[in-house]
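*Asks:* Residue numbering for the sequence shown follows our numbering, beginning at 263 and increasing consecutively.
After the structure tokens below, expect a handful of questions from me.
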Amino acid sequence: MDKKERQLFDTYYNKFANRNFDEKDVLSFLLFIRKEAHDNKVMKELGDFLVQRENCTGHVKAFFEECKQIIDNLGKGKKQKIENMFSFKEIRNGFNALFIDQGLEKLPPEVINDFILCIISLLQDVKLVSANGKKEVGHLSFAASSKELFLMGNMKALHKGRFIPVTFPVLSVRNMYEKIKPQDENDTPYLFDNAIIEVINSNGEMVITFPAL
């Protein structure tokens, strides 16, 4: 990293440490550090996913192929649970490893929560395609419950001759931002399929531009 790159890196770090950033800053940071993150699996994969979107490769592509296989096998035997693509801990460790490598302090969990929220927002409406890339098999959308916020995958499963919608979590994070009334006793997430959410920053606080719930 040359001196100018280091100056830019420090500028991003200070914005993050002060929680004075939004989803656009997270996007530009992940693009900026793609070269530095080559050996940092989580950061490299997330940066590549944001750039490649439906043309995803590597771990991300393998994750969605496995999800498709699990959904295609619903009702045909043992149930398999779909876990998040990356856990909070994996993303936290990935981000902090970048900062530690540059001699900086780890960032607190609240900032990592903000990062993940921004990544969830940035990946809305990505199309999911078949293994050969020729057929759309689903898409991603933002979802919210009273306790968590999600990047949800949406696919369809063939059951008794009919296609039924299936949603599954791709990424999730604690909802520290907006009060949301549970829509049922299970706190089933509201799915925002027809509206695009934006994460902005207002006076050092993350704000989610929800449509009316």
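Just so it is clear, CB atoms sit at the ideal spot from N, CA and C, and this is done for glycine as well.
In the DSSP output, which residue or residues are listed as bridge partners for N416?
*Replies:* N416 pairs with H401, T429.
*Asks:* Taking buried to mean at least 16 other C-beta atoms within 10 Å of its own C-beta, is S383 buried or exposed?
*Replies:* Buried, by the Cβ-count rule.
*Asks:* Would S434 be called buried (16 or more neighbouring beta carbons within 10 Å of its own) or exposed?
*Replies:* The residue in question, S434, is buried, as its Cβ has 16 or more Cβ neighbours within 10 Å.
*Asks:* What are the boundary residues of the beta strand (DSSP E) that M468 is part of?
*Replies:* 467–470 is the span of the beta strand (DSSP E), which, as asked, contains M468.
*Asks:* Could you tell me which of S407, G356, G415, I362 sits nearest to G400, measuring between CA atoms?
*Replies:* When each option's Cα is compared against that of G400, the closest is G415.
*Asks:* For A324, does the three-state DSSP call read helix, strand or coil?
*Replies:* The answer is helix: DSSP assigns A324 an H, G or I state.
*Asks:* With 16 other CB atoms within 10 Å as the buried threshold, where does P444 fall?
*Replies:* Counting Cβ neighbours within 10 Å, P444 comes out exposed, since fewer than 16 surround it.
*Asks:* Below 8 Å, how does it come out for the stretch 280–288 and the stretch 350–365: are there three or more Cβ pairs, yes or no?
*Replies:* At 8 Å Cβ cutoff, the stretches do not touch.
*Asks:* Let me confirm a value: D310 is counted as buried when at least 16 other C-beta atoms fall within 10 Å, else exposed. Which label applies?
*Replies:* Looking at its Cβ environment, which holds 16 or more other Cβ atoms inside 10 Å, D310 is buried.
*Asks:* If you draw a straight line from the C-alpha of L293 to the C-alpha of Q269, how long is it?
*Replies:* The straight-line gap from Cα to Cα measures roughly 16 Å.
*Asks:* What does V461 pair with, by DSSP beta-bridge criteria?
*Replies:* Its beta-bridge partners are I470.
*Asks:* Between F404 and L413, which are expected to be in contact by the criterion C-beta below 8 Å, what is the C-beta distance as a whole number of angstroms?
*Replies:* Indeed, because the Cβ distance is near 7 Å, the residues count as touching under 8 Å.
*Asks:* Which of helix, strand or coil does DSSP assign to R296?
*Replies:* Of the three classes helix, strand and coil, the one that applies to R296 here is coil, per DSSP.
*Asks:* First and last residue of the alpha helix (DSSP H) that includes K265?
*Replies:* Segment 265–279, the alpha helix (DSSP H) holding K265.
*Asks:* Looking only at C-alpha atoms, which of P427, R424, Q386, A419 sits nearest to I458?
*Replies:* Of the candidates P427, R424, Q386, A419, the one whose C-alpha sits nearest the C-alpha of I458 is Q386.
*Asks:* Is DSSP giving E307 helix, strand or coil here?
*Replies:* Looking at E307 - three-state DSSP - the assignment turns out to be helix.
*Asks:* Between the stretch 363–374 and the stretch 446–460, do at least 3 Cβ pairs fall closer than 8 Å?
*Replies:* Because the criterion of three Cβ pairs below 8 Å is not met, the stretch 363–374 and the stretch 446–460 do not touch.
*Asks:* In chain order, what are the residue ranges of uninterrupted beta strand (DSSP E) at least 3 long that sit wholly in the stretch 364–392?
*Replies:* With a minimum length of 3 residues, the continuous beta strand (DSSP E) runs that stay inside the stretch 364–392 are 389–391.
*Asks:* Under three-state DSSP, which class holds E345?
*Replies:* DSSP places E345 in coil when its eight states are reduced to three.
*Asks:* Do N346 and V428 count as a contact pair if the criterion is CB distance below 8 Å?
*Replies:* Not a contact, by the Cβ cut-off of 8 Å.
*Asks:* Would you call D272 buried or exposed, if buried means 16 or more other Cβ atoms sit within 10 Å of its Cβ?
*Replies:* Its Cβ having fewer than 16 others within 10 Å, D272 is exposed.
*Asks:* Put S290 into one of helix, strand or coil per three-state DSSP.
*Replies:* Three-state DSSP puts S290 in a helix.
*Asks:* Under a Cβ-count criterion, where at least 16 other Cβ atoms within 10 Å of its own Cβ denotes burial, should D376 be classed as buried or exposed?
*Replies:* Looking at its Cβ environment, which holds 16 or more other Cβ atoms inside 10 Å, D376 is buried.
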